[in-house]
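> I have a structure here, written as structure tokens, and I will follow up with some questions on it.
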Amino acid sequence: MTAGVSPNIDFLRNTDLKVNRGVIVDEYFSTNLPDVYAIGDCAEFEKAPAADRRTIEQVWYTGRMHGETLAYSLCNKPVPYRPGVWFNSAKFLDIEYQTYGTVPADWDENQFKNFYWEHRGGKVAFRMLMDLEGKILGGE
Numbered sequence: 063m064t065a066g067v068s069p070n071i072d073f074l075r076n077t078d079l080k081v082n083r084g085v086i087v088d089e090y091f092s093t094n095l096p097d098v099y100a101i102g103d104c105a106e107f108e109k110a111p112a113a114d115r116r117t118i119e120q121v122w123y124t125g126r127m128h129g130e131t132l133a134y135s136l137c138n139k140p141v142p143y144r145p146g147v148w149f150n151s152a153k154f155l156d157i158e159y160q161t162y163g164t165v166p167a168d169w170d171e172n173q174f175k176n177f178y179w180e181h182r183g184g185k186v187a188f189r190m191l192m193d194l195e196g197k198i199l200g201g202e
């Protein structure tokens with residue numbers, strides 16, 4: 063287990079490139095310098111790309127999406143980065159899991175509805191989190 067990924071950008075700190083925890087980019091992955099872009103683990107968005115997203119995205123599929131989005135700009139057909147619903151799929155030892163949407167580790171039961179199902183064998187489970195009106199926010 064790890065505590066996450068930290069962008070390795072210390073060598074850029076005393077340059078004209080705008081940095082914080084990562085290299086600061088807009089929704090097109092442009093930096094403050096002309097024709098300089100950043101994607102993947104080292105990119106930090108000026109503004110989170112969606113309400114349920116962080117300013118630094120550190121999973122493989124978002125890195126792939128960053129590259130696809132930047133390719134449009136490099137081919138003179140720029141499109142903004144719009145990642146859609148959060149998802150992640152991983153395996154830790156023999157435990158496989160998937161997360162879709164918003165499912166925080168802790169939540170206030172007065173603000174959310176929770177559905178949980180577990181197979182009687184205990185090796186398969188499903189959780190769905192909804193707002194009080196029943197709108198699905200996420201599942202795992």
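Residue numbers 63 to 202, in this note's numbering, belong to the letters of the sequence shown in order. Ideal Cβ positions, reconstructed from N, Cα and C, are used throughout, including at glycine.
Classify Arg116 as helix, strand or coil using the three-state DSSP reduction.
coil
> Look at the alpha carbon of Trp122 and the alpha carbon of Gln173, and state the distance between them as a whole number of angstroms.
32 Å
> Helix, strand or coil: which one does DSSP assign to Leu191?
strand
> Apart from the five residues just before and just after Asn94, which ones in its own chain have a Cβ nearer than 6 Å to its Cβ?
Lys80
> Could you give the first and the last residue of the continuous beta strand (DSSP E) run that contains Glu158?
Ile157 to Gly163
> For Ala152, does the three-state DSSP call read helix, strand or coil?
Assigned with DSSP and collapsed to three states, Ala152 falls in strand.
> Between the Cα of Val98 and those of Phe107, Glu108 and Val85, spot the shortest distance and give me the residue it belongs to.
It is Val85 whose Cα lies nearest to the Cα of Val98.
> For the alpha helix (DSSP H) that Glu180 lies in, which residues bound it at each end?
Segment Phe174 to Glu180 is the beta strand (DSSP E) holding Glu180; no alpha helix (DSSP H) there.
> According to DSSP, simplified to helix, strand and coil, what is Glu106?
strand
> Counting Cβ pairs closer than 8 Å, one from the stretch 175-192 and one from the stretch 133-145, do we hit at least three?
no
> Would you call Leu132 buried or exposed, if buried means 16 or more other Cβ atoms sit within 10 Å of its Cβ?
buried
> Would you call Asp103 buried or exposed, if buried means 16 or more other Cβ atoms sit within 10 Å of its Cβ?
buried
> Mapping the DSSP letters down to three states, classify Tyr90 as helix, strand or coil.
In this structure, Tyr90 counts as coil in the three-state DSSP scheme.
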